[in-house]
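Peer 1:
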Amino acid sequence: MSRFLSLAAIVASATNLTSAQTCTDNTNPFYVTTDDGTQKLKSCRIASKNPWGQCEKPEVKENCPKLCALCPDDIMCKVRVDLQFPPEADTFQGYHADFMSITKEGETEPCYSSNSKTFWGCTFFGNDASINTMGSTLEKTRSVIRVYDARQSSLRIGVSHRFNEKEVMEDFDETVRSNLVIKVNGQMLSKSFRHSKNLGRLTHSGFDQVSTVNKNVGFVNPEYNGDYFVDIDCDQQCNCNIVQKDATCRLKAQLKFDPIVDENYGFRRDFVEASNDKGEICSKDSELHWCTVYGDALILNFENQEYYDFNMASFMNIPDASDKTFKFHLGQDVVDEAPAELYEDPATLYLYVNNELLTSYKRDRAQNSSTISVSCDNSCDCHVH
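Just so you know, the sequence shown maps onto residues -20 to -1, 1 to 365 in mature numbering (1 follows the signal peptide of the UniProt record, and there is no 0).
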């Protein structure tokens, strides 16, 4: 074979190189024709929030070849993630729910149920993956994440258990677990993933009497293991490595009152919020990919012994606290029509790191609110300040 390229080969090579170098997306707005024939102004940035649908449009293909992976030598690298309960879980008795999110290294925007479309081409479908056999029919839901182009990307999927009062309303089978199934270009490159087994470890503990009348759901068990991560690393040719990583720096906060005693009557509801270095606030009313909150810190002790008493806790879960600082803000909810006089003693905040108690903190009665901080380094050495 000749060591010299023909003129045609040289020209073709130069043409391909030039095309690859000039394959860029249009930075200006452009019009697309909708199904009803009208014109709509678009841009490649707008299309990046839903490339699955937008890249089917000819105008988007023409103006956004890089976004749509249509440049010379481009390789499709589509990732689909399903979180679902397998068929063998259908005989499970009770209720169980897990949720997931995904982040991309170098991007600040997470992809999860409360932010279902991102500018880096991720789309989230559904809500929690759940199974419910408490009614007359089996109910199952699943979560789906799709990433349009995972080339040269490092993705991290986070999965956590979603605590719910339904878990203590019937006998709970702690062995049921959802499956995380990952496909790249339609092919499974690994087994499915699940969180750790919790044999003999219930989701809730500390409830005295639970019934359809008295929904005193007790306290979340901080030793329940429902968190894990899966890392997906893909190169430019869509060769992807998928590895499960257990949560190695779990920070959990539980706000609860002391046990009810007969001589201390009244009603009180306290709350806990956490903020990170970005100023994002995690509370019961917010849904964040790095933190979730379940339940109310509430105590209701009636002097009339014919009424049910309530002692419930609020639980906060931060699956990855490594190399981060969090501020925990404690306060009291003001209730306009309280069912009883004020219960004087504030709730106590218990902080756990990897299921071990880090500290407990109870503010003075005279304080309406207070704040404490927790900092953890890369090795999960955590300190309160």
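Yeah, the Cβ is synthetic: ideal placement off N, Cα and C, and Gly gets one too. It should be emphasised that the depicted structure is a prediction, and the values quoted were computed from it without experimental measurement.
Buried or exposed, going by whether 16 or more other CB atoms sit within 10 Å of the CB of Gln1?
Peer 2: Taking the sequence shown and counting its residues from 1, one reaches residue 1 at position 21. Bear in mind that the predicted position of Gln1 carries a pLDDT of just 48, short of 50, making it unreliable; the figure below should be weighed with that in mind. With fewer than 16 other Cβ atoms within 10 Å, it is exposed.
Peer 1: The alpha helix (DSSP H) with Ile26 in it runs from where to where?
Peer 2: By 1-based counting over the sequence shown, the position of residue 26 is 46. 24 to 27 is the extent of the alpha helix (DSSP H) around Ile26.
Peer 1: In the structure shown, what three-state DSSP assignment does Thr2 receive?
Peer 2: Numbered from its first residue, the sequence shown carries residue 2 at position 22. If DSSP states are grouped into helix, strand and coil, Thr2 belongs with coil.
Peer 1: Pick helix, strand or coil for Ala301, following the three-state DSSP scheme.
Peer 2: For the purposes of this step, residue 301 is taken as the residue at position 321 of the sequence shown. Of the three classes helix, strand and coil, the one that applies to Ala301 here is coil, per DSSP.
Peer 1: Just confirm the distance between the C-beta atoms of Leu322 and Gly246, as a whole number of angstroms; I'd bet it's less than 8 Å.
Peer 2: Numbered from its first residue, the sequence shown carries residue 322 at position 342. Numbered from its first residue, the sequence shown carries residue 246 at position 266. The Cβ separation is near 5 Å, so the contact holds.
Peer 1: Count the other CB atoms, across all protein chains shown, that sit within 10 Å of the CB of Leu337; report buried if there are 16 or more and exposed otherwise.
Peer 2: Here residue 337 refers to the residue found at position 357 of the sequence shown. So Leu337 ends up on the exposed side.
Peer 1: Starting from Cys57, follow its DSSP beta bridges and name the residues at the other end.
Peer 2: The residue labelled residue 57 in the question sits at position 77 within the sequence shown. BP columns for Cys57 point to Asp129.
Peer 1: Quick one, are the C-beta atoms of Val164 and Val61 less than 8 Å apart?
Peer 2: Sequence index remark: in the sequence shown, residue 164 carries index 184 (1-based). Sequence index remark: in the sequence shown, residue 61 carries index 81 (1-based). No, Cβ-Cβ distance for Val164 and Val61 is not below 8 Å.
Peer 1: So the candidates are Ala130, Gly115, Ala77; which of them puts its Cα closest to the Cα of Asn107?
Peer 2: Your numbering for residue 107 matches position 127 in the sequence shown. Here the closest residue by C-alpha is Ala77.
Peer 1: Grab me the residues of Trp270's own chain with a C-beta within less than 6 Å of its C-beta, minus the 5 sequence neighbours each way, in chain order.
Peer 2: By one-based count along the sequence shown, residue 270 stands at place 290. Within the same chain, Trp270 has no close Cβ partners at all.
Peer 1: Note the first and the last residue of the continuous beta strand (DSSP E) segment covering Lys232.
Peer 2: As a working note, residue 232 is residue 252 in the sequence shown. Taken as a continuous stretch (DSSP letters only), the beta strand (DSSP E) holding Lys232 covers 231 to 236.
Peer 1: For the alpha helix (DSSP H) containing Asn43, name the first residue and the last one.
Peer 2: Here the question's residue 43 lines up with position 63 in the sequence shown. Counting along the chain, the alpha helix (DSSP H) containing Asn43 begins and ends at 38 to 43.
Peer 1: Taking all protein chains shown into account, decide if Asp250 is buried (16 or more other Cβ within 10 angstroms of its Cβ) or exposed.
Peer 2: Taking the first residue of the sequence shown as 1, we reach residue 250 at position 270. Asp250 is buried by the Cβ-count criterion.
Peer 1: Measure how close the beta-carbons of Leu310 and Leu329 come, nearest whole angstrom, since I'm counting them as under 8 Å.
Peer 2: Counting from 1 along the sequence shown, the entry for residue 310 is found at position 330. Counting from 1 along the sequence shown, the entry for residue 329 is found at position 349. With 8 Å as the limit, Leu310 and Leu329 qualify as a contact, their Cβ atoms being about 6 Å apart.
Peer 1: Flag this pair as yes or no: are the beta carbons of Glu147 and Gly74 separated by less than 8 Å?
Peer 2: The residue you call residue 147 lines up with position 167 of the sequence shown. The residue you call residue 74 lines up with position 94 of the sequence shown. Yes, these two residues count as a Cβ contact at 8 Å.
Peer 1: Identify which residue in Gly33, Asn6, Cys24 has its Cα closest to the Cα of Asp15.
Peer 2: Here residue 15 is taken as the residue at index 35 of the sequence shown, counted from 1. Comparing Cα positions, the closest option is Gly33.
Peer 1: What does a CB cutoff of less than 6 Å around Asp213 pick up in its chain, not counting 5 residues either side in sequence?
Peer 2: As a working note, residue 213 is residue 233 in the sequence shown. So the qualifying residues of the chain are Ser134, Asn221.
Peer 1: Nearest CA to the CA of Lys236: which residue from Arg248, Thr228, Glu243, Leu47?
Peer 2: As a first step, residue 236 must be located in the sequence shown, where it is residue number 256. When only C-alpha atoms are compared, the closest one is Arg248.
Peer 1: Are the CB atoms of Lys120 and Phe65 within a distance shorter than 8 Å?
Peer 2: As a first step, residue 65 must be located in the sequence shown, where it is residue number 85. As a first step, residue 120 must be located in the sequence shown, where it is residue number 140. It is a contact, given that the beta carbons lie within the stated cut-off.
Peer 1: Under a Cβ-count criterion, where at least 16 other Cβ atoms within 10 Å of its own Cβ denotes burial, should Ser349 be classed as buried or exposed?
Peer 2: Counted from its first residue, the sequence shown places residue 349 at position 369. Exposed is the call here.
Peer 1: How close, in whole Å, do the beta carbons of Ser263 and Asp276 come, if the pair is a contact with beta carbons under 8 Å?
Peer 2: For the purposes of this step, residue 263 is taken as residue 283 along the sequence shown, with counting starting at 1. For the purposes of this step, residue 276 is taken as residue 296 along the sequence shown, with counting starting at 1. No, Ser263 and Asp276 are not in contact; Cβ-Cβ is about 12 Å, not under 8 Å.
Peer 1: Tell me, please, whether the segment 204 to 211 touches the segment 224 to 241 by the rule of three or more beta-carbon pairs shorter than 8 Å.
Peer 2: yes
Peer 1: Roughly how many whole angstroms lie between the Cα atoms of Cys91 and Ser28?
Peer 2: Residue numbering aside, residue 91 sits at position 111 when the sequence shown is read from its first letter. Residue numbering aside, residue 28 sits at position 48 when the sequence shown is read from its first letter. For Cys91 and Ser28, the distance between alpha carbons rounds to 13 Å.
Peer 1: Assuming Gly246 is part of the beta strand (DSSP E), what are its boundary residues?
Peer 2: Indexing the sequence shown from 1 puts residue 246 at position 266. Start and end: 246 to 255.
Peer 1: Would Pro31 and Leu50 qualify as a contact pair, given that the criterion is a beta-carbon distance under 8 Å?
Peer 2: Taking the first residue of the sequence shown as position 1, residue 31 is located at position 51. Taking the first residue of the sequence shown as position 1, residue 50 is located at position 70. No, the Cβ-Cβ distance between Pro31 and Leu50 is not below 8 Å.
Peer 1: Which residues bound the beta strand (DSSP E) around Gln224?
Peer 2: Reading the sequence shown from its first residue, position 244 is the one you call residue 224. Counting along the chain, the beta strand (DSSP E) containing Gln224 begins and ends at 220 to 226.
Peer 1: Assuming Val139 contacts His175 under a Cβ cut-off of 8 Å, what Cβ separation, rounded to an integer in Å, is found between them?
Peer 2: Sequence index remark: in the sequence shown, residue 139 carries index 159 (1-based). Sequence index remark: in the sequence shown, residue 175 carries index 195 (1-based). Contact between Val139 and His175 is confirmed by a C-beta separation of about 7 Å, below the 8 Å threshold.
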